[in-house]
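Those protein sequence lines, which keep their order, are chains S and Z. Per this note's numbering, the very first residue in the first sequence carries number 1; after that it's consecutive. Per this note's numbering, the very first residue in the second sequence carries number 1; after that it's consecutive. In what follows, a single structure is set out as structure tokens and then discussed.
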Amino acid sequence: MSHLMEIRDLKITFGGLDALSGLNFHVDEGEIVSVIGPNGAGKTTFFNAITGLVDPTEGDIIFEDESILGLDPHQVTGLGIARTFQNVRLFPNMTVLENIMVAQHCRTSQLILGALLQTSAFKKEEKEIEERAKEVLAFFGSRLVGYRYDQPAFVLSYANRRRLEIARAMATQPRLMLLDEPVAGMNPMETAELTALIGRLRSEWGFTIVMIEHDMRVVRDVSDRVVVLDHGVPIAQGSYDEVSTNPDVIEAYLGRPAEGQG
Amino acid sequence: MSTTMTSSGSSAAGGFRAPVTDQEWSKIGKWGGLCVLALVLVSLIGMPVGLDRRILIHPVLSLGYLSLLWIPLVMGSVVSRHIELEGVESPEPGGRELLAGALTGLIGGAGMAVFILALDNFNLRDPLVNWSPQLLELLTYGRGIGFGALAWILACVLLGLVGSAIHVVPAGLRRVVSHSFFGLLTFAVLEGAISDLSEGFGLEFLTDSIYAKRGGLTVVWSIVLAVLIGGVSMLTKGRLKAAKADYGALQGPERKRASRILFVSVALMTIILPLFLGTIMNELLANVGLFLLLALGLNIVVGLAGILDLGYVAFFAVGGYTTAVLTSPDSPFFAPELHFAVTLVIVVVFAGIVGLVIGAPVIRMRGDYLAIVTLGFGEIIRLLFMSDWLKPYFGGAQGITNVPGVDLGFVVIKGTDPRSVFYLVLVFCALAIYISWRLQASRLGRAWMAIREDEKVAEAMGINTVNAKLLAFVVGAVLASFSGAVMVAKVGSVFPNSFMILVSIIILVVVIVGGMGNIAGVLVGSFVLIGILGGPRQPGLLHEFQSFKLLIYGALLVYMMLQRPEGLVPSARRSQELHQEEFLQDVWLKGEEHEQEEHEAELHAAEAGGSEPDEGSGS
């Protein structure tokens, strides 16, 4: 069976610095894969490359048997890859509901005339967009529903902003979801709740998930597979237990035992 | 740190507290100095003399004097204002604030006295054109230097006191007084509109008694009006807020019905009122409408999609020239003399194409770069129409004249009949408002907002940002071209110099001052700025301001950006956000300060070798 997404020999160079090199990676339908590594290892660059925000220097990215190299970010989203951002990036002046509605842009089609003439097709589509948005928000229980619909996103608490960002990614109706540090900055309770939600994203919504995460408990609890990056190079791959005992990984995180200055 | 703590501790006991800290003295010095600077500057740019002919209250107050007198008032108010910080107890305002206001006024007045002496004794007319005997005459009320100097000191102290008293008197009184004051000012400023309207209704006898023959309210009537407005303000206290809350609480169909009634009554008023207005007022309204149309278009581009277009006048020009070429028999190269309605279709198509052509290269840029490039395109379009190269087609600097009005069969809409022009403009404005309103709540409108908020994320969320931004450009271009078409039909001619860069800037100021991204804001902005101050060439109600218009536009823009970035009528959300940010910043700053103190305390403790570990923990 072919992979949902496959990355071959990916190399990204920023003016002489190899942010990523020799990265081979694949994710299968229904998997949850974590990408870990110390700061500056190239994890977010990896996401940026997949979503078209950065052009790879070498290599190929294949999604559903087609290369997505060179596509614009919105085209990548249209094919079914959605992402969240490490430093939550919502549309702060738009309401909670609007944030989710706007994410369905690539799944809808009405333009100026429909809106001006209020055609039945336009009204139908607007209604569907709104219903789908509410359905997505209902996934987070009572946190983002009711009076929250019309609140601007900037009034939300930090944890709710993170949730809303995941909801926005869900609303693009993706097959593959890229979560960039979904629990960063959350307290242990919120982290536990979100860990469970990530599991449900797969079981209930059928998303395949690739996740960057620093919280090792979350990584242990949800991932089928873990990939470790260091200085843009993959240094280990496997189950959580395999990776967490790998000496290369421990060295990357904690450094080499001191053997004199070099 | 410790000095402020002790001072606030000791001064909290007494009611009257003199300015004690150096900080407060320097604040008074700073605002007093600013007061002097502003007074002298305003005098020397010729405002008092230039505006003296416009009388607000006959024979006491002219616009010229007002242009000076507001300065000590505002400075006195600013100097005694406390910035409220969460968690910091601000002392009850009282004698100290009054004293600060009076002292600020005193500095201002003393500065003015020195200025008057200088005016009398030196002649600096060579570099400073307004260093004139007229100015001296005006400043001394024609009663000699000594009287003038003393009067200014007294007046400034008094005004400084009044300004600071705003913060001291109870809120109810403050409200009534400020309502009377601004109500009176409105009556005085809107004199032209009000007497015109009352003439239309056959109520001249009323305005004839309210306003003096040479203009301005009479003293008796200004007192009567002030009392009346104050009374109304007292009676309606809280009513307006309650009505607003009631309206906000309405749900579903009731809400719909209420807003429909509101809408219909406003629409009826705009349709009926011009029938009772004279030529000048209708002309003014038509101008406001033309600029409103432009501002609504720019609001889509800047306010919704966040594209800072400084060359918006280009589309205004394209609409104007297309109409002129297609309708005027004097068009030099190609003169099909089409009807306005047919022209309009072509104008829309043409403006759309020009929008695409200019937009395509520009739209990929961001922020500052985009603003600069659009600025260039705006000028290029004007220079093209002006050029010798295109003179055979567009008439160069002489432009195209003899553009016919809009022939509707039963009436010809022409500039000589401003009322009909107003109705034509009204139709287009209604259309533009409808377009803005519907698009705002559509898939495309949401995409525009997302792009404004964060373009990169919008793209990552599946929005084709290039296409969406191009569409915003095109819609804006079409609305501007409507305005151009109507303007040309109204004026009957078109010249390249009607499309100076200034037009773009003024429309942008209208949008910003009114409230970006908000239809109501743009409406208010056009009425206040274009209606009262006037457009680039069109006089407003205060046509005396003509030569100071740009200065006031600039000052207003700076003030709004600093104090009220959300505009006069903010969209509810935006204002929340901007002030939220301020609040958060305060919290953050306080946190920072706190951390620093802790850090210092730690250092201190470490230096002391840990012998006094508890020192400084009280901070």
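Even for Gly, the Cβ is constructed at its ideal location relative to N, Cα and C.
Residue i at chain S interface by Cβ criterion, 7 angstroms
i	result
leucine 521 of chain Z	Inspection of the sequence shows that residue 521 of chain Z is occupied by glycine rather than by leucine. No - not a single Cβ of chain S is within 7 angstroms of the one on glycine 521 of chain Z.
isoleucine 637 of chain Z	An answer regarding residue 637 of chain Z cannot be provided, because it is not within the stretch 1 to 619 covered by chain Z.
aspartate 309 of chain Z	no
serine 575 of chain Z	Residue confidence is low: serine 575 of chain Z scores 49 on pLDDT, short of 50, so the model does not pin down where it sits. Its coordinate-derived value is still stated next. Answer no: the Cβ-Cβ gap between serine 575 of chain Z and chain S never drops below 7 angstroms.
Neighbouring residues, chain Z, relative to residue i (Cβ below 9 angstroms)
i	result
leucine 116 of chain S	Tyr434, Ile435, Arg438, Leu439, Ser442
arginine 87 of chain S	A quick correction: the sequence has asparagine, not arginine, at residue 87 of chain S. Neighbours of asparagine 87 of chain S on chain Z: none; closest Cβ ~11 angstroms, over 9 angstroms.
leucine 97 of chain S	Under the 9 angstroms cutoff, chain Z gives no residues; its nearest Cβ is about 10 angstroms from leucine 97 of chain S.
threonine 292 of chain S	Residue 292 of chain S lies beyond the stretch modelled for chain S, which goes from 1 to 262, so this question has no answer here.
Interface flag, residue i vs chain Z, CB-CB below 7 angstroms
i	result
glutamine 110 of chain S	yes
methionine 94 of chain S	yes
phenylalanine 91 of chain S	yes
arginine 8 of chain S	no
threonine 51 of chain S	yes
threonine 208 of chain S	no
threonine 44 of chain S	no
threonine 84 of chain S	no
glycine 262 of chain S	Model confidence at glycine 262 of chain S stands at a pLDDT of 43, short of 50, so the residue's coordinates are unreliable; what they give is reported in the following sentence. Chain Z, which has no Cβ nearer than 7 angstroms to the Cβ of glycine 262 of chain S, makes this no.
histidine 214 of chain S	no
threonine 57 of chain S	no
histidine 3 of chain S	no
histidine 26 of chain S	no
threonine 13 of chain S	no
threonine 172 of chain S	yes
Contact under 7 angstroms by Cβ, residue i with residue j
i	j	result
leucine 217 of chain Z	isoleucine 57 of chain Z	yes
serine 34 of chain S	glutamate 251 of chain S	no
alanine 432 of chain Z	leucine 296 of chain Z	yes
isoleucine 50 of chain S	valine 228 of chain S	no
aspartate 330 of chain Z	threonine 401 of chain Z	yes
valine 403 of chain Z	valine 342 of chain Z	no
alanine 19 of chain S	aspartate 230 of chain S	no
phenylalanine 645 of chain Z	asparagine 282 of chain Z	The structure shown does not extend to residue 645 of chain Z, since chain Z spans only 1 to 619, so no value can be given for it.
serine 504 of chain Z	glycine 378 of chain Z	yes
isoleucine 100 of chain S	alanine 167 of chain S	yes
glycine 514 of chain Z	leucine 304 of chain Z	no
isoleucine 32 of chain S	isoleucine 209 of chain S	yes
serine 195 of chain Z	threonine 186 of chain Z	no
serine 164 of chain Z	glutamate 92 of chain Z	no
proline 392 of chain Z	phenylalanine 316 of chain Z	no
glutamate 125 of chain S	glutamine 104 of chain S	no
phenylalanine 85 of chain S	aspartate 241 of chain S	no
Chain-ordered chain S contacts of residue i [CB-CB under 9 angstroms]
i	result
arginine 255 of chain Z	In chain order: nothing, as chain S lies at least about 14 angstroms away.
Closer than 7 angstroms at the beta carbon, the chain Z residues around residue i
i	result
methionine 101 of chain S	Arg446
proline 73 of chain S	Glu459, Ala460
threonine 119 of chain S	The premise fails here: threonine 119 of chain S is roughly 11 angstroms from chain Z at the closest Cβ pair, so nothing lies under 7 angstroms.
arginine 168 of chain S	Met461
threonine 195 of chain S	Within chain Z, no residue comes near threonine 195 of chain S; the closest Cβ sits about 24 angstroms away, beyond 7 angstroms.
Within chain Z, partners of residue i - CB distance below 8 angstroms
i	result
threonine 132 of chain S	Looking at the sequence shown, residue 132 of chain S is not threonine but arginine. In chain order: nothing, as chain Z lies at least about 13 angstroms away.
For residue i, the residue or residues it bridges with in DSSP
i	result
arginine 200 of chain S	None; arginine 200 of chain S has no bridge partner.
leucine 20 of chain S	S/Ile12
glutamate 58 of chain S	S/Lys11
glutamate 369 of chain Z	Reading off the sequence shown, one finds tyrosine at residue 369 of chain Z, where the question assumed glutamate. For tyrosine 369 of chain Z, which the question treats as bridged, DSSP gives no partner whatsoever.
serine 34 of chain S	S/Met211, S/Val226
histidine 231 of chain S	None; histidine 231 of chain S has no bridge partner.
methionine 177 of chain S	S/Ala82, S/Ile209
serine 67 of chain S	S/Ile62
7 angstroms Cβ cut-off: residues of chain S touching residue i
i	result
aspartate 454 of chain Z	Arg89, Phe91
beta-carbon residue i near the ligand COA non-hydrogen atom, thresh 6 angstroms
i	result
alanine 460 of chain Z	The ligand COA is absent from the structure shown, which contains no ligands of any kind.
**Prompt:** Can you list, in chain order, the residues of the region 134-164 of chain S whose Cβ is nearer than 8 angstroms to any Cβ on chain Z?
**Reply:** Pro152, Phe154, Val155
**Request:** Give, in chain order, every residue of the region 223-243 of chain S whose Cβ lies closer than 8 angstroms to some Cβ of chain Z.
**Result:** none
**Item:** Chain-ordered residues of the region 464-481 of chain Z with a beta carbon less than 8 angstroms from chain S
**Value:** Asn464, Thr465, Leu471, Val475
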